[in-house]
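Please read the structure below before turning to the comments.
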Amino acid sequence: MEQEKPYRENVGMVVFNSEGYVLAGDRIQYPGSFQFPQGGIDAGESPLAAARRELFEEIGLAVTEPAGEIGEWLTYEFPEDIPEHLKKFRGQKQKWFFFRWDGNPADLQLDLHEREFHSLKWMKMEDLAKEVVSFKRPTYDRIAREAARFLTDTSKPVLEYRRFGIGLDGYRLCEEVSIFLKPGEILGLIGESGCGKSITALAATGTLPEPGGYAAGEVLFNGRSIFAMKPDELRRLRGAEVGVIFQEPAQALNPLLTIGRQLNEVFEFHAEQAAERGLKASQRIPALLERVGFADPDRLLSTYPHELSGGMLQRVVIVMALLLKPSLIIADEPTTALDVTVQAQIMKLLVELKTEEQCGVLLITHNMGLVAQYADRLAVMYAGKVIEESPVDVFLSEPAHPYSRGLLDAIPDLERKHELKAIPGQVPAPAQYDDGCRFRNRCPKAFDACDKPVPVTAMGRDHRVQCWLFSRP
Numbered sequence: 001m002e003q004e005k006p007y008r009e010n011v012g013m014v015v016f017n018s019e020g021y022v023l024a025g026d027r028i029q030y031p032g033s034f035q036f037p038q039g040g041i042d043a044g045e046s047p048l049a050a051a052r053r054e055l056f057e058e059i060g061l062a063v064t065e066p067a068g069e070i071g072e073w074l075t076y077e078f079p080e081d082i083p084e085h086l087k088k089f090r091g092q093k094q095k096w097f098f099f100r101w102d103g104n105p106a107d108l109q110l111d112l113h114e115r116e117f118h119s120l121k122w123m124k125m126e127d128l129a130k131e132v133v134s135f136k137r138p139t140y141d142r143i144a145r146e147a148a149r150f151l152t153d154t155s156k157p158v159l160e161y162r163r164f165g166i167g168l169d170g171y172r173l174c175e176e177v178s179i180f181l182k183p184g185e186i187l188g189l190i191g192e193s194g195c196g197k198s199i200t201a202l203a204a205t206g207t208l209p210e211p212g213g214y215a216a217g218e219v220l221f222n223g224r225s226i227f228a229m230k231p232d233e234l235r236r237l238r239g240a241e242v243g244v245i246f247q248e249p250a251q252a253l254n255p256l257l258t259i260g261r262q263l264n265e266v267f268e269f270h271a272e273q274a275a276e277r278g279l280k281a282s283q284r285i286p287a288l289l290e291r292v293g294f295a296d297p298d299r300l301l302s303t304y305p306h307e308l309s310g311g312m313l314q315r316v317v318i319v320m321a322l323l324l325k326p327s328l329i330i331a332d333e334p335t336t337a338l339d340v341t342v343q344a345q346i347m348k349l350l351v352e353l354k355t356e357e358q359c360g361v362l363l364i365t366h367n368m369g370l371v372a373q374y375a376d377r378l379a380v381m382y383a384g385k386v387i388e389e390s391p392v393d394v395f396l397s398e399p400a401h402p403y404s405r406g407l408l409d410a411i412p413d414l415e416r417k418h419e420l421k422a423i424p425g426q427v428p429a430p431a432q433y434d435d436g437c438r439f440r441n442r443c444p445k446a447f448d449a450c451d452k453p454v455p456v457t458a459m460g461r462d463h464r465v466q467c468w469l470f471s472r473p
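With the first letter of the sequence shown counted as 1, position 328 gets the number 328 in UniProt numbering; the numbers rise by one all the way through.
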């Protein structure tokens, strides 16, 4: 007897929330047996696109980038006595994705045309694995093991970009940026000048270019949309909840006011928030100035910006950003003007603060040494897109994207003599951006598919790369 050809490939979607629960539906076909949403992959459709489409069609949930995926395809082990209508699913391959969503299942609109579920609810993963139909349990046990890293780490991101994009005067500056930063974590954002690092970071403060500018996607601060905030909410946010260490300290300070006046203004402007946190200007300012290396804070407070060196100005700006113990610190090249000794002192302070205050630090830098020593994770930007995201130790030992490899190869190695490898060419200007891989004209491994939109591939835990080498068509 001729073996029946397996049914079309399938996707499964594990939706989880910040409390460690997964979203499951009471399947109409098996009443009382809850399971994850699943659906078929249409011809010419990528698995991720199918997962997004099926979630929206089946349960009315619109999602963006996945939190992760299972690398290999899975299959159900069907018993011999399954009903006739299920035999076509023998050997069907399934690709599984994980999505974070903190909402109420009662608000979702179930599909009325080809309804799959009676209802939806949040469940513990171990309870769901017990309730699912028996032939699916081995696969669900495997999914549970993969999901453990998401369900046990339930801290909400302090900052999250969901398919963020920004344009100006008809040019696309950043696109499809999806990264997150958790409390007590340092995320390094690296890449050549002009890649979009600083403008991506500034979106977290609601300071986007106007007029003629536009923004797409979402930027969330502690779960709240920055774009939905009113002007008075943004004013409370800036300086108190989000501290920014600017790249050019001389431009960040008013040349007509003393350093003391400018530091005290932070407390005057955010008096209510300072009082809530028990912070007094007379105590907090001198203490921080001493921690960044000023031996005589009182004398410094009476000086004007033009009387200080670039390194001293940089330390003043760092103190200003940290005064009110913000939940998020955006550090844009914070150590550029500092000598090596003070640089180490400043980075030590940031590490101490992120531990003491459980704040998140977004570290924008060209200095791979800083990232390697102090960051927990990193994201690599190129021509307005995040092309690789990874834990730092994984990135340093196993960089996936050819551009990432190029960045590491360009670092001088004093322990062995070798020719310094530079990446040929230049970062394209925004006017030259297209939908294909923007690194392909500089990439030694480019091939025909690189002209097409590049999918995101999960390489491992918290490691994603956007490169056709790992998603060959």
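Note that CB positions come from ideal geometry on N, CA and C, so glycine has one too.
Checklist entry - Which residue or residues does DSSP assign as beta-bridge partners of PRO391? => result Partner(s): ARG377.
Item to check | Exposure of ARG52, with buried meaning 16 or more beta-carbon neighbours within 10 Å | outcome: Buried is the call here.
Item to check | Residues near LYS136 in its chain [Cβ-Cβ closer than 6 Å; skip 5 each side] | outcome: These residues qualify, in order along the chain: TYR76.
Checklist entry - Assuming VAL11 and SER178 make a contact with CB atoms under 8 Å, what is their CB distance in whole Å? => result In fact, because the Cβ distance is near 19 Å, the residues do not count as touching under 8 Å.
Next on the checklist: Taking DSSP's pairing of strands, which residues face SER225 in a bridge?
Outcome noted: DSSP lists LEU220 as partners of SER225.
Checklist entry - Looking only at its own chain, which residues have a Cβ that is under 6 Å from the Cβ of ASN367, when we skip the five neighbours before and after it? => result No residues qualify anywhere along the chain.
Next on the checklist: Restricting to runs no shorter than 4 residues, where is the alpha helix (DSSP H) found entirely within the segment 289-361?
Outcome noted: Those alpha helix (DSSP H) runs which fall completely within the segment 289-361 and span 4+ residues are 297-301, 310-322, 340-356.
Item to check | Three-way DSSP call (helix, strand, coil) for THR457 in this model | outcome: The DSSP-derived three-state label of THR457 is strand.
Item to check | C-beta atoms of SER292 and GLY311 nearer than 8 Å | outcome: Reading off the sequence, residue 292 comes out as Val, not Ser. Their beta carbons are not under 8 Å apart, which means VAL292 does not touch GLY311 by this criterion.
Checklist entry - Can you list, in chain order, the residues of its chain whose CB lies under 6 Å from that of LEU328, leaving out five sequence neighbours each side? => result In chain order, VAL158, LEU159, VAL242, GLY360 place their CB closer than 6 Å to the CB of LEU328, counting only its own chain and leaving out the 5 sequence neighbours on each side.
Checklist entry - To the nearest whole angstrom, what separates the beta carbons of PRO37 and LEU55, a pair I think is in contact under 8 Å? => result Confirmed, about 6 Å.
Checklist entry - In the structure shown, what three-state DSSP assignment does LEU151 receive? => result The answer is helix: DSSP assigns LEU151 an H, G or I state.
Item to check | PHE447 burial status per 10 Å Cβ neighbour count (16 or more: buried) | outcome: Burial call: exposed.
Checklist entry - For the beta strand (DSSP E) that ASN10 lies in, which residues bound it at each end? => result Where ASN10 is concerned, the enclosing beta strand (DSSP E) starts and stops at 10-16.
Next on the checklist: Whole angstroms are fine: how far does the CA of PRO430 sit from the CA of ALA449?
Outcome noted: Spanning the two alpha carbons is a distance of roughly 21 Å.
Next on the checklist: Judging by CA-CA distance, which residue of ALA252, GLU307, ALA372, GLU389 is the nearest neighbour of ALA379?
Outcome noted: Nearest option by C-alpha distance: GLU389.
Item to check | Cross-strand partners of GLY170 (DSSP beta bridge) | outcome: DSSP, once it has assigned bridges, lists no residue as partnering GLY170.
Checklist entry - Just reading off the alpha helix (DSSP H) that SER198 is part of, what are its end residues? => result For SER198, the enclosing alpha helix (DSSP H) covers residues 197-202.
Checklist entry - From GLN94, PHE16, ALA147, pick the residue whose C-alpha is nearest to that of SER460; which is it? => result It is worth fixing the name first, because residue 460 is Gly in this sequence and not Ser. It is ALA147.
Checklist entry - Going by DSSP, which residues form a beta bridge with TRP101? => result None, per the DSSP bridge assignment.
Next on the checklist: In this structure, how does DSSP classify TYR175 when only helix, strand and coil are distinguished?
Outcome noted: Reading off the sequence shown, one finds Glu at residue 175, where the question assumed Tyr. Strand.
Checklist entry - Exposed or buried, what is GLY32 when buried is set at 16 or more other beta-carbons lying within 10 Å of its beta-carbon? => result Counting Cβ neighbours within 10 Å, GLY32 comes out exposed, since fewer than 16 surround it.
Next on the checklist: By DSSP's criteria, residue 494 is part of a beta bridge. Which residues make up the other side?
Outcome noted: Examination of residue 494 is not possible in this model, given that the chain is present from 1 through 473 alone.
Next on the checklist: For a test of the three-state rule: what should DSSP assign to ASP413, helix, strand or coil?
Outcome noted: Coil at ASP413, not helix or strand.
Next on the checklist: Do VAL427 and ALA383 count as a contact pair if the criterion is CB distance below 8 Å?
Outcome noted: Their beta carbons are under 8 Å apart, which means ALA383 touches VAL427 by this criterion.
Checklist entry - Are VAL244 and ILE330 closer than 8 Å when you measure CB to CB? => result One thing to note: VAL244 has its Cβ within 8 Å of the Cβ of ILE330.
Item to check | Candidates PRO231, LEU308, GLY44: closest to GLU9 by CA position | outcome: Nearest option by C-alpha distance: GLY44.
Checklist entry - Expressed to the nearest angstrom, what Euclidean distance is found between the alpha-carbon atoms of ASP298 and ILE285? => result Rounded to the nearest angstrom, the two C-alpha atoms are 10 Å apart.
Item to check | Identity of the residue in ILE423, GLY260, ILE59 nearest GLY25 by Cα | outcome: Distances from the CA of GLY25 to each of ILE423, GLY260, ILE59 were compared; the closest alpha carbon is that of ILE59.
Next on the checklist: Could you tell me the alpha carbon to alpha carbon distance between ARG377 and HIS118, rounded to whole angstroms?
Outcome noted: Approximately 41 Å, taken between the alpha carbons.
Checklist entry - Any chance the segment 97-116 sits against the segment 63-71, with 3 or more Cβ pairs inside 8 Å? => result Taking one beta carbon from each stretch, the segment 97-116 and the segment 63-71 have 3 or more pairs nearer than 8 Å; the two touch.
Next on the checklist: With the cut-off set at 8 Å, would you say LEU324 and LEU253 are in Cβ contact?
Outcome noted: Their beta carbons are not under 8 Å apart, which means LEU324 does not touch LEU253 by this criterion.
Next on the checklist: Can you list, in chain order, the residues of its chain with a C-beta nearer than 6 Å to that of GLN109? Leave out the 5 residues immediately preceding and following it.
Outcome noted: The answer, listed in chain order, is GLY60.
Checklist entry - In its own chain, which residues sit with a C-beta less than 7 Å from the C-beta of SER155, not counting the 5 before and 5 after it? => result So the list reads LYS182, PRO183, once near-sequence residues are dropped.
Checklist entry - Who pairs with LYS230 in a beta bridge, going by DSSP? => result Here LYS230 is not bridged, per DSSP, to any residue.
Checklist entry - Across which residues does DSSP place LEU189 in a beta bridge pair? => result According to DSSP, LEU189 bridges with ILE364, ALA379.
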